[in-house]
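A.B. asks:
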Amino acid sequence: MKFKVFVTREIPKMGIALLRKNGCSVDIFNADRRPLKEELLRHIRGKHAILCLLTDKIDRDVITAGLPALKVISNLAAGTDNIDLEFAAQNGITVTNTPDALTDATAELAGALIFACARRIIESDDFTRRGLFKGWEPMLFRGADIHHQTLGIIGAGKIGQSVAEKSAGFNMKILYTAHARKKDFEARTGARKTTLQKLLKESDFVSIHAPLTQETRHMLTRKELSIMKPAAYLINTGRGPIIKEDDLVWALKNRKIAGAGLDVYEFEPAIHKDLIDLPNVVLLPHIGSATVKTRETMSLTAADNIIAVLHGYMPKYIVNA
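Taken in order, the sequence shown gives residues 27 to 347; the numbers are from the working numbering.
1. Assuming contact is defined by CB atoms lying nearer than 8 Å, are Phe29 and Ala75 in contact in what I supplied?
2. The beta strand (DSSP E) that contains Lys199, what's its start and end?
3. Might you give, ordered along the chain, the residues of its own chain that have their beta carbon closer than 6 Å to the beta carbon of Gly314, omitting 5 neighbours on each side?
4. For Ala316, write down the residues that DSSP places opposite it in a beta bridge.
5. Counting C-beta neighbours from all protein chains within 10 Å, is the total for Val318 16 or more, i.e. buried, or is it exposed?
6. Jot down the residue ranges of each uninterrupted beta strand (DSSP E) in the region 68 to 95, minimum 3 residues, whole runs only, in chain order.
7. Please report how far the alpha carbon of Thr90 lies from the alpha carbon of Lys39, in whole angstroms.
8. So, using beta-carbon positions, are Thr215 and Ile180 closer together than 8 Å?
9. Rounded to the nearest angstrom, how far is the Cβ of Leu44 from that of Ala329, given a contact under 8 Å?
10. Go ahead and pull the three-state DSSP assignment for Ser233.
11. In angstroms with no decimal places, state the Cα-to-Cα distance between Arg281 and Arg35.
12. Please list the segments of the alpha helix (DSSP H) lying wholly inside the region 247 to 307, counting only runs of 4 or more residues, in order along the chain.
13. Output the distance between the C-alpha atoms of Ala217 and Ala127, rounded to the nearest integer angstrom.
14. Give the DSSP-derived three-state secondary structure of Ser51 in the structure shown.
15. Counting along the chain, where does the alpha helix (DSSP H) carrying Phe167 start and finish?
16. Select from Arg248, Ala206, Gly266, Asp107 the residue whose C-alpha is nearest the C-alpha of Leu278.
17. Considering Cα atoms alone, identify which of Leu80, Lys209, Phe231 is closest to Met198.
18. What's the C-alpha gap between Leu310 and Val52?
19. For Asp85 and Leu326, what's the separation of their Cα atoms in angstroms?
20. Use the C-beta contact count for Arg146: other C-beta atoms within 10 angstroms, 16 or more gives buried, fewer gives exposed.
Below you can see the structure in the form of structure tokens.
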């Protein structure tokens with residue numbers, strides 16, 4: 027039997043090749059944009075699988091359009107908040123993701139944002155390119171120390187733990203939030219579990235790695251941001267809606283915090299207009315996992331998940347078991 031797979035965007039070719047090698051006919055949405063809902067509805071009809079991105083909203087309408095053929099939704103991401111998991115399960119559709127592949131790359135980007143903010147790298151680069159550099163000056167672009175500072179990890183899952191482990195070389199004190207204490211993580215890093223309020227109050231850098239849920243949506247508002255140190259930096263490589271962006275703009279404009287490094291946004295791909303004009307913010311286009319090797323591994327993992335389900339096996343990364 028020839029399985030039919032819809033891929034919602036161009037992905038590294040090895041993932042596509044693996045699908046075809048394993049008996050799949052692949053329909054790729056090749057436009058340089060996300061598919062519109064009506065395009066998702068049209069392309070998913072008659073497909074046995076869909077390989078989608080976080081930017082694709084796979085809701086009841088889309089899932090229904092794929093029935094009865096649709097057997098698996100393979101998300102090219104760790105998160106799955108773009109998919110109606112309950113409705114998929116009700117219709118016997120397996121949902122999978124690609125969590126392990128992107129752990130280190132995303133953690134590295136969080137570290138890069140910490141450095142970019144603390145050492146004012148973007149501002150300094152712009153200053154130099156505009157021909158304003160006249161020689162070494164003792165007061166020029168003084169930033170913040172990273173070594174021996176306190177790093178607060180909101181959501182100590184795999185990525186959050188990786189960020190903490192990578193900070194070990196800078197002798198950072200680690201605080202974290204999680205539903206349960208993580209003793210192995212504490213033994214490796216000396217991290218200490220605490221409340222969100224204490225983490226915000228004591229941390230010099232706060233890095234967000236929690237999943238997006240009803241509990242974490244708008245976890246950080248004006249109230250929470252006001253708890254942070256005026257010299258602290260907020261880093262988000264997790265999910266944009268965890269921060270209420272209007273309140274973040276307020277905190278940045280009023281120097282309630284020193285700055286922010288963002289790879290994700292509340293209304294992505296739209297970015298709050300005031301964030302763009304603020305010099306104490308580093309803005310990136312959701313590139314947490316964007317290394318050649320990581321994206322290749324993600325494409326292979328997403329393809330493997332599809333192949334397993336279509337051939338009657340348990341996929342390695344199943345979300346709605």
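We put the CB at the ideal spot given by N, CA and C, even for glycine. Nothing here was measured: the structure is a model prediction, and the numbers come from that model.
C.D. replies: Result, derived from the coordinates:
1. In the sequence shown, the residue the question calls residue 29 occupies position 3. In the sequence shown, the residue the question calls residue 75 occupies position 49. In contact: Phe29 and Ala75 (Cβ atoms closer than 8 Å).
2. In the sequence shown, counting from the first residue as 1, residue 199 sits at position 173. Looking at the DSSP string, the run of the beta strand (DSSP E) that includes Lys199 is 199 to 203.
3. By one-based count along the sequence shown, residue 314 stands at place 288. Cβ within range, chain order: Thr132, Leu135, Thr263, Asp289.
4. Within the sequence shown, the letter at position 290 stands for residue 316. According to DSSP, Ala316 bridges with nothing at all.
5. Taking the sequence shown and counting its residues from 1, one reaches residue 318 at position 292. Per the 10 Å Cβ criterion, exposed.
6. 75 to 78
7. In the sequence shown, counting from the first residue as 1, residue 90 sits at position 64. In the sequence shown, counting from the first residue as 1, residue 39 sits at position 13. So the two alpha carbons sit approximately 29 Å from each other.
8. Numbered from 1 along the sequence shown, position 189 holds the residue referred to as residue 215. Numbered from 1 along the sequence shown, position 154 holds the residue referred to as residue 180. Cβ distance not < 8 Å, so Thr215 and Ile180 don't count as in contact.
9. By one-based count along the sequence shown, residue 44 stands at place 18. By one-based count along the sequence shown, residue 329 stands at place 303. Confirmed, Cβ separation roughly 4 Å.
10. The count along the sequence shown starts at 1 and reaches residue 233 at position 207. In the structure shown, Ser233 sits in a strand (DSSP, three-state: E or B).
11. In the sequence shown, the residue the question calls residue 281 occupies position 255. In the sequence shown, the residue the question calls residue 35 occupies position 9. So the alpha carbons of these two residues sit roughly 40 Å apart.
12. 248 to 251, 271 to 279, 299 to 303
13. Here residue 217 is taken as the residue at index 191 of the sequence shown, counted from 1. Here residue 127 is taken as the residue at index 101 of the sequence shown, counted from 1. Those two C-alpha atoms are separated by around 24 Å.
14. Taking the sequence shown and counting its residues from 1, the one referred to as residue 51 is at position 25. In the structure shown, Ser51 sits in a strand (DSSP, three-state: E or B).
15. The count along the sequence shown starts at 1 and reaches residue 167 at position 141. Unbroken run through Phe167: none, as it is neither H nor E.
16. On the sequence shown, residue 278 is found 252 positions in, with the first residue counted as 1. Nearest C-alpha to Leu278: Arg248.
17. For the purposes of this step, residue 198 is identified with residue 172 of the sequence shown, where counting begins at 1. Checking every option, the nearest Cα to that of Met198 belongs to Phe231.
18. In the sequence shown, counting from the first residue as 1, residue 310 sits at position 284. In the sequence shown, counting from the first residue as 1, residue 52 sits at position 26. Approximately 31 Å between the Cα atoms of the pair.
19. Position 59 of the sequence shown, counted from the first residue, corresponds to residue 85. Position 300 of the sequence shown, counted from the first residue, corresponds to residue 326. Straight-line Cα distance between these residues: approximately 25 Å.
20. Stepping through the sequence shown from its first residue, residue 146 is reached at position 120. Answer is buried; the Cβ neighbour count reaches 16.
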